[in-house]
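Inspection log for the structure reproduced underneath, given as structure tokens.
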Amino acid sequence: MTKNIKAIKSDSLSGNYDTRFVIVNTETGEILDDAQGYGYRSAQKAYAAYTYKHRDKSKDKRRKQEEKAIKKWWQNHKELSKDLEQTAFEIAKGSWGPDDKLDAKLLKTILEQENIESEYSPGKLLKIWKKL
């Protein structure tokens, strides 16, 4: 992302009671982002949109690959998934204590009891399991 950007008020896109902002290159004055000709309602929204559009997409790709690998891990551990589902049902039903909940700490305990090792954290495993 370039550091020489600035959100400025656009007189051409702003109305009497509606201020609009665009992202401009401070060195050249070129408009880099104008929300498809409509402008942004605030400078903060303009910066947020511009940084989102120009973020490092390799992180997204890595995250998707990791999610895919965790889904495959769960497919290889279907029995654990069924046990976890039963545990979640019992907790929701109230068979366990009122303070018990299905969280990463409980999953870590279950993994240790079953002698199952994973390269992924219990938090990530649980997050993907909830999506399955």
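When we follow the numbering used here, the leftmost residue of the sequence shown carries the number 4, and every step to the right adds one.
For every residue, glycine included, the Cβ atom is placed at its ideal position computed from N, Cα and C.
Predicted, not measured: the structure shown is a model, and the values here were computed from it.
Check: Can you list, in chain order, the residues of its chain whose CB lies under 7 Å from that of K9, leaving out five sequence neighbours each side?; Outcome: V27, T29
Check: Have a look at Q47 and T54 and give me their C-alpha separation to the nearest angstrom.; Outcome: 11 Å
Check: Please state whether DSSP places I113 in a helix, a strand or coil.; Outcome: helix
Check: Please report the distance separating the alpha-carbon of L114 from that of L83.; Outcome: 9 Å
Check: Kindly list the residues whose CB is nearer than 8 Å to the CB of L109, restricted to its own chain and excluding five residues on each side of it in sequence; keep chain order.; Outcome: T90, D103
Check: Could you spell out where the beta strand (DSSP E) holding K119 opens and where it closes?; Outcome: First, the residue type needs correcting, since residue 119 is Ile and not Lys in the sequence shown. It is not in any beta strand (DSSP E) - I119 carries neither H nor E in the DSSP assignment.
Check: Look at the alpha carbon of R44 and the alpha carbon of G32, and state the distance between them as a whole number of angstroms.; Outcome: 20 Å
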